[in-house]
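Working notes, beginning with the structure itself.
Numbering (the UniProt record's numbering), first residue to last: 1 to 118.
Below is the structure:
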């Protein structure tokens, strides 16, 4: 029995972790993704993409043989209003200034390191 592969599927601010088997077809991977999303999308309305050769370029995933453990896969939907597939859009988290101030305040000073005097 072969080990399962875990991939990350990303779209905008959502990241899903999917467990797939090496024998799974592309349609089965899309089905697992649609079930995890529970958003009434079908396999035909979802396209899976992987990073291309250049930064910002993406190529359509044609089969599951290229899927490696911990690979990031991007999923997009078919936009029926526009009549075309969405572009890949990933929102990276950004720390607010307040959170940055808290991080700096919680960092111990060198004087505080080590054992305290009794």
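Note that the Cβ used here is the ideal one computed from N, Cα and C, for glycine as well.
A quick note: this is a predicted structure, and the numbers were derived from the prediction, not measured.
Going by DSSP in three states, residue 12 sits in which element: helix, strand or coil?
strand
Using the three-state DSSP reduction, which class does residue 29 fall into: helix, strand or coil?
helix
Report the three-state DSSP secondary structure of residue 126 (helix, strand or coil).
The structure shown has nothing for residue 126, since the chain only spans 1 to 118.
Under the rule that 16 or more other beta-carbon atoms within 10 Å means buried, what is residue 64, buried or exposed?
buried
Taking Cβ positions, are residue 90 and residue 8 nearer each other than 9 angstroms?
no
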